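Visitor: The numbering used here applies: residue 4 is where the sequence shown begins, and numbers increase by one. Take this structure first; my questions come after.
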Amino acid sequence: MAKTLKTVLAEARALVPEQGPAEVQRRLEAGEPLVLIDVRDPDEYREGFIEPATNISRGFLEFRVAGVASDPDAPIVLYCQTGLRSMLAARALTELGYGNVVNLQGGFQKWVQAGLPVVKDKVMGPEQIQRYSRHFLLDQVGEKGQRKLLRSKVLLIGAGGLGSPTALYLAAAGVGTIGLMDADVVDVSNLQRQVLHTTADIGKPKVESGARTLTALNPDVNVVALPERISVANAMDVVSEYDVIVDGSDNFGTRYLVNDACYLAGKPHVHGSIFQFEGMASVFAPNQGPCYRCLYPAPPPAGLVPSCAEAGVLGVLPGIVGVIQATETIKLLLGIGDPLIGRLLTYDALGMRFREVKLRRDPGCPLCGVTPTIKDLSGHPVGDELACEVPAASFSLSGPR
């Protein structure tokens with residue numbers, strides 16, 4: 004005697020656990036390595052999906068699941084529109100030997116009703132498919148990753164030496180929104196290394212020049228020009244609007260402010276600095292590794308370290324460090340590779356040597372330590388005090404703790 008659908012679903016529910024939208028969202032926010040699979044048809048998926056789901060239609064699930072979950076013990080969450088197809092799909096995976104499968108109770112419909120975030124991708128045109136074709140060939144990026152880049156938002160603090168190559172490569176890669184924050188104008192002395200600008204831009208705001216260059220490079224990119232210096236008054240509001248922050252500033256005051264604002268906002272930031280023939284880069288991600296204050300609790304005394312304007316800098320050096328910053332940013336946005344979290348990468352141009360130093364979180368750090376004392380930005384200097392011309396690179400390269 005044939006079983007009814009009701010009987011089959013009851014048997015599946017007895018075998019497969021379910022979790023509601025709030026619990027699945029909590030697991031995602033906690034950074035659990037969930038394999039989230041949308042088993043709806045592609046046309047349903049395009050109308051909206053849960054980040055970071057992979058779409059594998061129910062009819063192809065058994066054939067393609069190994070491509071996203073090769074480990075049978077991997078934590079898998081399946082969902083469909085209402086939770087019925089995904090329940091049957093979850094049972095099928097359990098019978099294949101996957102031992103950690105959960106069904107999203109109520110499916111995508113209940114997720115939306117709970118007011119939880121969803122993503123809807125725009126259809127890529129022929130020109131976009133051709134532009135990003137080399138990304139499509141990479142398994143770690145592909146069309147899904149490219150769509151994610153196009154949805155991403157990155158804030159660059161500084162449109163100078165480090166900000167220039169970082170911005171150019173992020174725009175070329177198709178990062179959808181790039182914020183350029185810089186209060187300066189282009190000077191002829193900048194052009195030896197700040198490749199975002201040209202001789203015709205001398206005297207013009209750097210964010211204006213940068214926006215024009217990036218838009219010409221890739222019209223897909225929305226460039227947000229912010230012709231102001233980051234400050235206590237605007238830091239939290241600006242930082243909260245972006246997925247990743249890239250710090251290309253040239254002074255200690257700004258570096259500490261960016262670090263603290265990013266930590267308090269829960270945003271990862273990509274650090275870079277340069278001095279003469281040396282550069283360094285790292286990634287500071289809240290609750291995943293040390294912050295900038297773990298390395299350097301306080302800046303050196305004013306005047307101890309000469310600025311780049313006083314000591315000079317090799318013109319190509321920011322290109323190398325800036326491209327490293329761009330690489331780390333893309334890795335963070337896509338969730339691929341091993342970012343420089345808990346690692347400091349230093350570069351010696353004269354010796355053509357890279358060196359990596361392991362970094363540890365400081366339990367006594369006033370920001371991210373066991374008993375933090377910095378709860379907001381109220382203790383930071385304001386206004387012109389943030390413009391002290393002391394390059395972090397030279398101090399940083401003296402050796403982290």
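Even for Gly, the Cβ is constructed at its ideal location relative to N, Cα and C. The structure displayed is predicted, hence computed values, not measured ones.
(1) What are the residues that DSSP puts in a beta bridge with TYR82?
(2) When you compare each of PRO129, ASN262, VAL104 to ILE233 by their alpha carbons, which one comes out closest?
(3) Based on the DSSP secondary-structure assignment, which residues constitute the bridge partners of GLU359?
(4) If you draw a straight line from the alpha carbon of ALA93 to that of LYS151, how long is it in whole angstroms?
(5) Note down, one range per segment and in chain order, each alpha helix (DSSP H) of at least 4 residues found wholly within the segment 204-291.
(6) Decide if ILE160 is buried, meaning its Cβ has at least 16 other Cβ atoms within 10 Å, or exposed.
(7) What residues in its chain sit with their C-beta under 6 Å from that of HIS138, if we drop five residues either side in the sequence?
(8) Do SER167 and the ligand ZN come close, with the Cβ less than 7 Å from some heavy atom?
(9) Pull the bridge partners of ASN58 from the DSSP assignment, please.
(10) Buried or exposed: GLY282, going by 16 or more other Cβ atoms within 10 Å of its Cβ?
(11) What residues match up with PHE111 in a beta bridge as DSSP calls it?
(12) Got a sec? Which residues, its chain only, sit under 8 Å from ARG67 by beta carbon, not counting five neighbours each side?
(13) Using only CA atoms, which one of ILE132, GLU65, ALA72 lies nearest to LEU99?
(14) State the CB to CB distance for the pair LEU320 and ILE277, rounded to an integer number of angstroms; the pair is presumed to be in contact (CB under 8 Å).
(15) Three-state secondary structure (DSSP) at LYS334?
(16) Could you give the DSSP three-state label for GLU26: helix, strand or coil?
(17) Do the segment 254-274 and the segment 284-296 make contact, defined as three or more Cβ pairs closer than 8 Å?
(18) Can you name, in chain order, every residue of its own chain whose Cβ lies under 7 Å from the Cβ of VAL224, other than the five neighbours on each side?
(19) When the Cα atoms are used, what is the spatial distance from ASN103 to ARG43?
(20) For SER158, write down the residues that DSSP places opposite it in a beta bridge.
(21) Around the Cβ of THR330, are there at least 16 other Cβ atoms within 10 angstroms (buried) or fewer (exposed)?
(22) Decide if ILE132 is buried, meaning its Cβ has at least 16 other Cβ atoms within 10 Å, or exposed.
(23) As a quick exercise: from ILE333, GLN279, PRO369, ALA314, pick the residue whose alpha carbon is nearest that of LEU353.
(24) For the alpha helix (DSSP H) that ARG137 lies in, which residues bound it at each end?
(25) In three-state terms, what does DSSP make of ASN103?
(26) Measuring CA to CA, which of GLU130, LYS147, ASP187, TYR299 is closest to LEU229?
(27) Could you have a look at GLU35 and say whether DSSP puts it in helix, strand or coil?
(28) Comparing alpha-carbon positions, which option in GLY86, PRO208, GLY275, ASP240 lies nearest LEU12?
(29) Note down, in chain order, each residue of its chain lying with its Cβ closer than 8 Å to the Cβ of LEU337, except the 5 sequence neighbours on either side.
(30) Are ARG196 and GLY164 touching if we call contact CB-CB under 8 Å?
(31) Pick out whichever of GLU35, LEU91, GLN112 has its Cα sitting closest to the Cα of GLY51.
(32) Let's see if you can read the secondary structure: which residues bound the alpha helix (DSSP H) around GLU14?
(33) Just checking my contact of VAL157 with TYR245 at CB under 8 Å: how many whole Å lie between their CB atoms?
(34) Counting along the chain, where does the alpha helix (DSSP H) carrying LEU165 start and finish?
(35) Would you identify the three-state DSSP class for GLU21, choosing helix, strand or coil?
(36) Tell me, which residues are paired with PHE66 by DSSP?
Guide: Here's the rundown:
(1) ASP41
(2) ASN262
(3) LEU348
(4) 26 Å
(5) 209-220, 238-242, 255-268
(6) buried
(7) VAL144, GLN149
(8) Annotation note on the ligand ZN: not contained in the displayed structure, which lists no ligands.
(9) ASP41
(10) buried
(11) BP columns for PHE111 are empty, so no partner.
(12) ILE59
(13) GLU65
(14) 5 Å
(15) helix
(16) helix
(17) yes
(18) ALA174, VAL178, GLY179, ILE181, LEU217, THR218
(19) 20 Å
(20) Rather than Ser, the amino acid found at residue 158 in this sequence is Leu. According to DSSP, LEU158 bridges with GLY182, ILE248.
(21) buried
(22) exposed
(23) GLN279
(24) 136-139
(25) coil
(26) ASP187
(27) coil
(28) GLY86
(29) GLN143, VAL144, GLY148, LYS151, LEU152
(30) yes
(31) GLN112
(32) 8-18
(33) 6 Å
(34) No alpha helix (DSSP H) contains LEU165, which DSSP labels as neither H nor E.
(35) strand
(36) Bridge partners of PHE66: none, in fact.
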